[in-house]
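>
Protein chains: 2
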Amino acid sequence: MNYELLLKENNLKITPQRLGILQLMHEAGHISIEELFASIKKQFSSISLATLYKNINAMLETSLIKEVKAPDIKARYEISKTPHAHLVCHVCGEFKDIHFDIARVAHTIADDNGYTIDDTSLIVSGICPKCQ
Amino acid sequence: MNYELLLKENNLKITPQRLGILQLMHEAGHISIEELFASIKKQFSSISLATLYKNINAMLETSLIKEVKAPDIKARYEISKTPHAHLVCHVCGEFKDIHFDIARVAHTIADDNGYTIDDTSLIVSGICPKCQ
DNA sequence: TAGTTAAAAGATAATAATTTTCTTTTAAGT
DNA sequence: ACTTAAAAGAAAATTATTATCTTTTAACTA
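Chains as they are written, first to last, in this note's numbering: chain F, 308 to 439; chain H, 308 to 439.
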């Protein structure tokens, strides 16, 4: 995955910190601020939490990344890809991408109401087999 | 709507504050903490914000109410009803219930993965006709 | 390739949101 | 009415997020 291109396409300056954030986000699939901060500090020991928040916000604004929030679970961030659903265990926190095409459904809903879609989120939250 | 029964069914004590919260939530359809606090103070001028949070959390735990969070918009709370989608304008904040049956889709996803469902949320976020 | 500039990083302080603690009050069951 | 556990209210504490300011750096240009 070409993170430099991703940033460039979104008119964001390429910085080592941003590349590190995107790399970690990509490896994890989806990651919370806490986890991200703990991991990124291994590469940039003096990185500021403020920097992390500012970058997350900048990348959210351009939709380069996406926030996913499920009940009982801290928000997680992921690099935007084709819309998909999330299955979340609220006991152990397991977070799974589900390749279900939510775009069709979303378009039907939005069109019926004259809306333009910017984001669609389908989150199924429950208990995974291990936690039952 | 019988709020006393709702509370009783969920083993929560019936208090005037809780009845007020449920009433406002029902009238609004979905409401943020801020709005709720502003409104509930008209009835209970000395109600504490801590009380509001504690009650929201208690009612969330029993699933008597549900939290709905869309990008750029503060979390909103609603009395749990049959699962439905939400359409949100992130410009003016308009929040619309959509009577689309998301349960079927959710069950398919959950069953395929051995999950038990506790909650399903489909949020389509975009720009409403007025804000375009 | 150095020079310029606007943006980003980092440090810290400030603000906002949420939770905790403690005391007083009250709902609900004898 | 009496008892008890839970809820309310007030205030403080904690946590999350944002803002401010100075220093550093990416990106562009001469």
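We treat Cβ as the ideally placed atom computed from N, Cα and C, and that holds for glycine. Small disclaimer: the values here were computed from a predicted structure and weren't measured.
1) Please report how far the alpha carbon of HIS441(F) lies from the alpha carbon of CYS399(F), in whole angstroms.
2) For ALA417(F), report the span of its beta strand (DSSP E) as first-last.
3) Indicate the three-state DSSP secondary structure (helix, strand or coil) for THR358(H) in the structure shown.
4) By the 7 Å beta-carbon criterion, what residues does the region 364-382 of chain H contribute toward chain F?
5) Of the residues that make up the region 336-362 of chain H, which ones have a beta carbon closer than 9 Å to any beta carbon in chain F?
6) With which residues is GLY433(H) paired in a DSSP beta bridge?
7) Excluding five sequence neighbours on each side, which residues of the same chain lie with their C-beta closer than 6 Å to the C-beta of MET308(H)?
8) Quick one: which chain F residues come within Cβ less than 7 Å of ALA413(H)?
9) Taking just the CA atoms, how far does GLN350(H) sit from GLU342(F)?
10) Taking 6 Å as the limit between beta carbons, can you name the residues of its chain near LEU329(H), skipping five residues before and five after?
11) Hey, LYS348(F) and ILE340(F) are a contact pair by Cβ (cut 8 Å); roughly how many whole angstroms apart?
12) Any beta-carbon of chain F closer than 8 Å to the one on TYR422(H)?
13) Per the DSSP calculation, ILE386(H) is bridged to which residue(s)?
14) Between GLN439(H) and GLU368(F), what straight-line distance do the alpha-carbon atoms span, to the nearest angstrom?
15) Within 10 angstroms of its Cβ, does LEU312(H) collect 16 or more other Cβ (buried), or is it exposed?
16) Would you call ARG383(H) buried or exposed, if buried means 16 or more other Cβ atoms sit within 10 Å of its Cβ?
17) Of the residues GLU385(H), ILE416(H), ALA410(H) and ILE430(H), which one's Cα is nearest the Cα of ILE416(F)?
18) Under 8 Å, Cβ to Cβ, is there at least one residue of chain H near ASP426(F)?
19) Below 8 Å on the Cβ atoms is my contact criterion, and I expect ALA410(H) with THR427(H) to pass it. Report the Cβ-Cβ distance as a whole number of Å.
20) Quick one: measure Cβ to Cβ for ILE338(H) and CYS396(H), integer angstroms, because I've assumed they're closer than 8 Å.
Quick answer:
1) Coverage of chain F is limited to positions 308 through 439, which leaves residue 441(F) absent and any answer about it impossible.
2) Numbered from its first residue, the first sequence carries residue 417(F) at position 110. Counting along the chain, ALA417(F) falls outside any beta strand (DSSP E), though it belongs to the alpha helix (DSSP H) covering 410-419.
3) For this step, residue 358(H) is matched to residue 51 along the second sequence. Looking at THR358(H) - three-state DSSP - the assignment turns out to be helix.
4) GLU374, LYS376 and PRO378
5) none
6) For the purposes of this step, residue 433(H) is taken as the residue at position 126 of the second sequence. Looking at the DSSP assignment, GLY433(H) forms a beta bridge with ILE424(F) and CYS396(H).
7) By 1-based counting over the second sequence, the position of residue 308(H) is 1. Only HIS333 meet the Cβ criterion.
8) Translated into positions along the second sequence, residue 413(H) becomes position 106. Chain F residues near ALA413(H): VAL431.
9) Your numbering for residue 342(F) matches position 35 in the first sequence. Your numbering for residue 350(H) matches position 43 in the second sequence. Cα to Cα, GLU342(F) sits roughly 43 Å from GLN350(H).
10) Within the second sequence, the letter at position 22 stands for residue 329(H). Excluding positions up to five away in sequence, the list reads TYR310.
11) Within the first sequence, residue 348(F) is the residue found at index 41, counting from 1. Within the first sequence, residue 340(F) is the residue found at index 33, counting from 1. That belief does not hold up - the Cβ atoms of LYS348(F) and ILE340(F) are roughly 12 Å apart, past 8 Å.
12) Taking the first residue of the second sequence as position 1, residue 422(H) is located at position 115. So, interface residue.
13) For the purposes of this step, residue 386(H) is identified with residue 79 of the second sequence, where counting begins at 1. Answer is ILE372(H), bridged to ILE386(H).
14) One-based indexing of the second sequence puts residue 439(H) at position 132. One-based indexing of the first sequence puts residue 368(F) at position 61. If you take the alpha carbons of GLN439(H) and GLU368(F), they lie about 18 Å apart.
15) The count along the second sequence starts at 1 and reaches residue 312(H) at position 5. The residue in question, LEU312(H), is exposed, as its Cβ has fewer than 16 Cβ neighbours within 10 Å.
16) What you label residue 383(H) is simply residue 76 of the second sequence in a count that begins at 1. With 16 or more Cβ atoms within 10 Å of its Cβ, ARG383(H) is classed as buried.
17) What you label residue 416(F) is simply residue 109 of the first sequence in a count that begins at 1. Answer by Cα proximity: ILE430(H).
18) For the purposes of this step, residue 426(F) is identified with residue 119 of the first sequence, where counting begins at 1. Interface residue, yes.
19) For this step, residue 410(H) is matched to residue 103 along the second sequence. For this step, residue 427(H) is matched to residue 120 along the second sequence. Confirmed, about 7 Å.
20) Taking the second sequence and counting its residues from 1, one reaches residue 338(H) at position 31. Taking the second sequence and counting its residues from 1, one reaches residue 396(H) at position 89. Between CYS396(H) and ILE338(H) the Cβ distance is about 16 Å, and since that is not below 8 Å, they are no contact.
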